[in-house]
Amino acid sequence: MRLTEYLLPTLKETPADAEIVSHRLMLRSGMIRKVAAGIYTYLPLGLRSVRKVEQIVREEMDRAGAMELLMPMVLPAELWQESGRWEQYGKELLRLRDRKNSEFCLSPTHEEVITDVVRGTVRSYRQLPLNLYQIQGKFRDEIRPRFGLMRGREFIMKDAYSFDIDDVSADSSYDKMYQAYQRIFKRCGLDFRAVEADTGNIGGSSSHEFMVLAEAGEDAIVSCDSCEYAANVEKAQMRMDRQTVPEPTAELQLVGTPQRKTIAEVAQFLELPQSRLIKTLLVETDGGEQLAVLLRGDRELNEIKLCRLLDCLEVTMLSEEAVQQLTGAPSGFAGPVDLSCRILADNEVRTMADSVIGANQADAHYLGANVGRDFQVSEFADLRQAVAGDGCPRCDGTLQSWRGIEVGHVFKLGTKYSQALGAKVLNANGKDVPLVMGCYGIGIGRTVAAAIEQNYDDSGIIFPMPIAPFQVIITLLNPKDEQVREAGGQLYDQLLRAGIEVLLDDRDERPGSKFKDAELIGIPIRVTVGNRALKEDAFEVQKRKDGERQMMAVADTAAWLIDEVKRELAE
RNA sequence: CGGGGUGUAGCGCAGCCUGGUAGCGCACCUGCCUUGGGAGCAGGGGGUCGGAGGUUCGAAUCCUCUCGCCCCGACCA
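First residue of the first sequence? That's 31 in the working numbering, and the numbers climb one at a time after it.
Structure follows, in structure tokens:
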């Protein structure tokens, strides 16, 4: 493309509401434009990168034996009522009515539709396994869209669904997708990790998230420094180093702690490390049960682990009034002694002796508290958030922590949807069995954004070759100069003929502006055409990545570029 | 949904407190000039000041309501 004919609205100034690098750079480089909160137009340049990622995804899905189809985005309520999710899904599901007042929704995901398709078309195990995917716009009415394409309401997603006759076969389908994802993100030039993940409310037995490592990531993950273990902190376990239950050495003793409510305040006041305290969190399940959760003072509760243990969807902290009612004291002084509700504790609490706990009376704590002697715990479990430095649950290694951007997620679904929607086939014994499903998502736009989070500098984006909107940019320093136009034009034609995606900056701008734009939009290789170098019968070639310039004979340049682009694509 | 903020030209902002002809920088258009790192000069186009109502001789400015957007939190295949 010639830039004089291309829509490239780059911005010198940074739009005020762009918080993270990728959002800022995508706006500045003219890749996207905001239409409404969490809703974006992909401008020509942005769309090219999106298409690159889509194409890589397509090739790898096809290679893994999946078939592409396309389902509608507007779905009838009936289908969602059948699976029960019309009621369950909540406000994230954007509901609408047609002119006949029938109810519809904008689909945030397609388990129902795909299951409906398959139950109507697949009758026998001989037709399995089956893996169907689509690349399509999705809509989720997020509470708080932010960070540009990172968390939009409308977004492009690849979603695939596998159908198998039994668990063994389903595991193999899952594994194929896992491998395909490894290839996809590798080809996109990303530094990523596959981590064990919580399955959330989509259900299913097992799941991995593909996390691109980046500071701006919304997820925290941990990984072992000596084995392959890696997990989302929502799911991450840790090794229990000390299993012994220590003997109490101190008596239970009431101590005044005026106005000291938080762990930090109490620890400082008593001149003890926070790890000598036990914090008592009072929560209520969505089922209405109130209970206490004990953790070492310096630890954080992992609500997901707690919910799993309690088999509920959410827990909330008790209000000030409820705390007062349950403990007889203002919040900040709750403790497990003589508490009337059920008391759960993190495994670590079992290994603590002579601890500090709340006394259930205003401005007082107990010293020397011991489990079993001074208070009882109904159940110990893994309830705390893993942190860097914890022991790996699989080996002797130590966990490290990272921020990650979730670009892909693979799930073993089991028969949750096939059962709800009656998707069954006859097996080899002529018996009706529900299909065993898996589902596999990739956020396309998010992948582009994540790539930018990992590849940029002060001047702008540094696109990896496979997802760059153009592979080469030819900058004509003075497009009015006949010789420059001629030489640049010839190179441009040669590259086009070779199938190289090339942008010709033939705009009548000053060189500085063109250099700045080329760097901002991150084209991997730039060829500068100016009469100074042309006098030596040379072009100047510069890679965006390292900025190194080299002079190259005009006659050799096209062949070198073609070679170089292919080499980088194959990397 | 709770807390905080903001809405004035495509983008970034000033003006609002203390009411009196709507401004600046960038971008855009024309001309001259310039051409290896976002030049310079001159001229020009573009705004129902988010919307509705109210107070006032007069509202971007004061009051009420409303909508959008942003940040923090809860939430989230």
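In this text, a Cβ means the ideal position worked out from N, Cα and C, and glycines have one as well. All values reported here derive from a predicted model rather than from experimental measurement.
Here's the rule: buried if 16 or more other CB atoms are within 10 angstroms of the residue's CB, otherwise exposed. What is residue i?
i, result
"Asn459", "exposed"
"Ser203", "buried"
"Glu301", "exposed"
"Met56", "buried"
"Val87", "buried"
"Gly475", "buried"
"Ser132", "exposed"
"Arg149", "buried"
"Lys309", "buried"
"Asn262", "buried"
"Ile165", "buried"
"Gln355", "exposed"
"Gln662", "Residue 662 lies beyond the stretch modelled for the chain, which goes from 31 to 601, so this question has no answer here."
"Gly247", "buried"
"Glu351", "exposed"
"Ala284", "A small fix is needed here, since residue 284 is Leu in this sequence, not Ala. With fewer than 16 other Cβ atoms within 10 Å, it is exposed."
"Cys257", "exposed"
"Leu518", "Correcting the residue type first, residue 518 is Gly in the shown sequence and not Leu. So Gly518 counts as buried."
"Ala94", "buried"
"Asp146", "buried"
"Gln513", "exposed"
"Ser408", "exposed"
"Thr287", "buried"
Could you tell me which residues DSSP puts in a beta bridge with residue i?
i, result
"Val571", "Val557 and Gln580"
"Phe463", "The sequence given here has Val at residue 463, not Phe. In DSSP, Val463 forms a bridge with Val455."
"Cys425", "BP columns for Cys425 are empty, so no partner."
"Asn161", "Ser192"
"Tyr204", "DSSP lists no partner for Tyr204."
"Phe410", "Ala375"
Helix or strand or just coil, what does DSSP make of residue i?
i, result
"Gly542", "helix"
"Ser52", "helix"
"Asn131", "coil"
"Ile472", "strand"
"Ile497", "helix"
"Val275", "coil"
"Ile503", "strand"
"Tyr191", "strand"
"Val595", "helix"
"Arg88", "helix"
"Ser385", "strand"
"Arg372", "strand"
"Tyr259", "coil"
"Leu325", "strand"
"Asp487", "strand"
"Ile530", "coil"
"Ala563", "helix"
"Asp404", "coil"
"Ala297", "helix"
"Arg174", "coil"
"Lys335", "helix"
Among the options, which residue has its Cα nearest to the Cα of residue i?
i, options, result
"Phe441", "Val557, Ile472 and Arg433", "Ile472"
"Leu312", "Pro366, Tyr259 and Thr287", "Pro366"
"Glu98", "Ile62, Leu160, Ser52 and Ile69", "Leu160"
"Val379", "Thr357, Asp47 and Arg414", "Arg414"
"Glu49", "Gly577, Ala479 and Leu550", "Ala479"
"Gln304", "Leu284, Glu330, Gly552 and Gly542", "Glu330"
"Tyr396", "Ala418, Ala411, Gly402 and Phe363", "Phe363"
"Val225", "Glu245, Thr292 and Asp249", "Asp249"
"Ala481", "Met180, Arg63, Leu105 and Leu37", "Met180"
"Tyr447", "Glu142, Thr34, Glu43 and Arg32", "Glu142"
"Asp488", "Arg32, Val51, Lys335 and Val83", "Val51"
"Leu526", "Lys216, Gln501 and Ala67", "Gln501"
"Pro360", "Lys291, Asp547, Leu109 and Leu75", "Lys291"
Considering just the uninterrupted stretch of the beta strand (DSSP E) at residue i, what are its terminal residues?
i, result
"Met61", "Met61 -> no beta strand (DSSP E), and no H or E assigned at all."
"Ser607", "Because the chain spans 31 through 601 in this model, residue 607 falls outside it and cannot be assessed."
"Arg223", "Phe222 to Glu226"
"Lys309", "Ile308 to Thr315"
"Val417", "It is not in any beta strand (DSSP E) - Val417 carries neither H nor E in the DSSP assignment."
"Ala399", "Ala394 to Ala399"
"Gln283", "Gln283 to Gly286"
"Thr71", "Ile69 to Tyr72"
Which residues mark the beginning and the end of the alpha helix (DSSP H) in which residue i is found?
i, result
"Gly247", "Element bounds for Gly247: n/a, residue is neither H nor E."
"Val145", "Here the sequence assigns Thr to residue 145, which means Val is not the residue at that position. From DSSP, the alpha helix (DSSP H) with Thr145 extends over Glu141 to Thr151."
"Ala447", "Ala is not the amino acid found at residue 447; the sequence shown has Tyr there. It spans Lys446 to Ala450 - the alpha helix (DSSP H) in which Tyr447 sits, taken as one unbroken run."
"Val353", "Glu350 to Thr357"
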